[in-house]
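In what follows, a structure is listed as structure tokens, so that the remarks can point back to it.
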């Protein structure tokens, strides 16, 4: 008999045959300024509501908020790593953005199987809920669930370092 695997070091899917209506999976993540910067760099979305605190203080939310697609990315992460998991093919998704996500908000992303269709297709309810129990995003995703079991080591992501252009130079000038 082999030793049990440490939690979090592997990802495993649920095949179409294993899925049942009502199955759920979730993740929890707190929005940080680094998340916003990384998402802006990756997407190119530099809307000042997300990246400019002085501007954001004057808009309707009175502070920096997450990109809406940051929440959608959290949904995609649960679909691709947990339910159904590795091997899932994303077909389409509809989302409603109900409330902003502010810096420091802790978001629980919950996915629930609502219907099994033909040809491996599955409908899933998707929700992002903040620490106060407020649904900030909800919607439906349609995927093709994997037919083959996948059990793989969890990929270790590289460290990313962010720095503003000329920031080192500005620090040197300030030091002199």
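Numbering (our numbering), first residue to last: 1 to 176.
Here a beta-carbon is modelled for each residue, glycine too, at the ideal position from N, C-alpha and C.
Contact between the segment 68-81 and the segment 31-45 is present: three or more C-beta pairs spanning the two stretches fall below 8 Å. Secondary structure remark: continuous beta strand (DSSP E) runs of at least 3 residues inside the segment 83-119, in chain order: 89-97, 106-116. A Cβ-Cβ separation of about 7 Å places residue 149 in contact with residue 13 under the 8 Å criterion. Beta bridge pairing from DSSP links residue 141 with 93, 124.
The beta-bridge partner set that DSSP reports for residue 41 is empty. When secondary structure is reduced to three states using DSSP, residue 9 falls in the coil class, being assigned neither helix nor strand. Of all C-beta pairs linking the segment 105-121 to the segment 36-54, fewer than three are shorter than 8 Å, placing the two stretches out of contact. When the beta-carbon positions are compared, residue 64 and residue 27 stay at least 7 Å from each other. Residue pairing of residue 26 in beta bridges, as defined by DSSP: 110. C-alpha of residue 29 to C-alpha of residue 98: approximately 18 Å in a straight line. For a cut-off of 8 Å, the C-beta gap from residue 114 to residue 124 is around 6 Å, short enough to register as a contact. Distance from the Cα of residue 103 is smallest, within the candidate group 144, 61, 89, 75, for 61. Cβ-Cβ separation between residue 87 and residue 146: approximately 3 Å, consistent with a contact (criterion under 8 Å). If you draw a straight line from the Cα of residue 152 to the Cα of residue 83, it comes to about 15 Å. A Cβ-Cβ contact shorter than 7 Å links residue 74 with residue 109. 7 Å or more divides the Cβ of residue 140 from the Cβ of residue 89. Taking the Cα of residue 41 as reference, the smallest distance to any Cα among 169, 165, 172 is reached at 165.
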